[in-house]
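Engineer:
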Amino acid sequence: MTTAPRRVGLTALTLFATVLAGCGGGKSDADGTPDVASLATGSAVPSASATTAAAGRPQLRLDMNEDEKQRLWNTYNYCLRDHGVRENKERSAGAPKGSGIISLDQSGEPKAAYVACADKLPLQPPELDEEKNPNYVIQWNDYVQCLRGRGMKIHSLPDGSGWTYDDGVADPSGGLQGAAYDKAERECTLEAFRGEK
77 MTTAPRRVGL TALTLFATVL AGCGGGKSDA DGTPDVASLA TGSAVPSASA TTAAAGRPQL
137 RLDMNEDEKQ RLWNTYNYCL RDHGVRENKE RSAGAPKGSG IISLDQSGEP KAAYVACADK
197 LPLQPPELDE EKNPNYVIQW NDYVQCLRGR GMKIHSLPDG SGWTYDDGVA DPSGGLQGAA
257 YDKAERECTL EAFRGEK
């Protein structure tokens with residue numbers, strides 16, 4: 077049996093790993109409007125170790141810890157809310173006590189909020205940008221090989237745009253799920269894109 081391809085770009089993984097950490101994904105409000113979780117509150121000011129891109133947007137780095145990334149995403153998400161993106165208070169209330177997680181509507185409205193907050197949207201690390209990193213495809217393949225070495229039954233797509241599950245395997249995750257996958261993904265990202273072995 078052939079497993080349907082699952083394309084997962086490393087950029088998307090990095091970008092959404094933090095955002096989706098507190099989100100159940102795919103749920104809707106009572107009115108059927110889908111929403112997306114944003115991150116826990118905390119200091120809305122990026123740490124001193126965060127850099128700022130030339131466009132004024134915060135720049136994520138491969139070596140940032142989750143708290144540093146979270147602060148940057150919080151700044152963006154709270155800006156959206158403050159500029160009119162609807163919060164799903166019921167879903168936000170279901171977040172762990174003290175986490176400060178908020179859930180925002182993902183309809184893309186009002187568009188003016190996204191324009192107003194565009195300078196707060198974090199940029200991905202340059203190593204994960206195929207246009208900035210001439211070694212991206214080679215490093216992407218190293219990343220996939222690293223995940224394979226940890227048990228995942230996957231292989232890279234030829235152009236480095238993602239990976240797909242191997243054909244005919246019962247558990248293509250190789251048991252890497254949840255925290256174990258997050259740990260492997262982070263370690264393999266650092267190993268492949270920074271040459272850390």
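In this note's numbering, the protein residues as written are 77 to 273.
Glycine included, every Cβ here is placed at the ideal spot set by N, Cα and C.
Bear in mind the structure is a predicted one, so any value in this text is a computation, not a measurement.
1) Compare the beta carbon distance of L266 and L138 with 8 Å and say whether it is the shorter of the two.
2) Any contact between the region 228-244 and the region 208-220? By contact I mean 3 or more CB pairs, one from each, below 8 Å.
3) Look at the Cβ atom of A194, then the Cβ atom of G160, and state whether they are nearer than 8 Å.
4) If you drop the 5 nearest sequence neighbours on each side, which residues of the same chain put their C-beta closer than 8 Å to that of G251?
5) Among Y241, P202, K187, R162, which residue has its Cα nearest to the Cα of I178?
6) Tell me the rounded alpha-carbon separation between G184 and P201.
7) For D243, does the three-state DSSP call read helix, strand or coil?
8) To the nearest angstrom, report how far apart G315 and N211 are at their CA atoms.
Structural biologist: Let me lay it out:
1) Working through the sequence shown from its first residue, we reach residue 266 at position 190. Working through the sequence shown from its first residue, we reach residue 138 at position 62. Result yes, Cβ atoms of L266 and L138 sit closer than 8 Å.
2) yes
3) Looking up residue 194 in the sequence shown gives position 118. Looking up residue 160 in the sequence shown gives position 84. In this structure, G160 does not lie closer than 8 Å to A194 by Cβ.
4) To locate residue 251, count along the sequence shown from 1; it is residue 175. Cβ within range, chain order: G227.
5) To locate residue 178, count along the sequence shown from 1; it is residue 102. Looking at the Cα atoms, R162 is the closest of the given residues.
6) If you number the sequence shown from 1, residue 184 lands on position 108. If you number the sequence shown from 1, residue 201 lands on position 125. Going from the Cα of G184 to the Cα of P201 covers about 24 Å.
7) Along the sequence shown, one-based indexing puts residue 243 at 167. Coil at D243, not helix or strand.
8) Lying before the first or after the last residue shown, residue 315 is absent from the chain, which here runs from 77 to 273.
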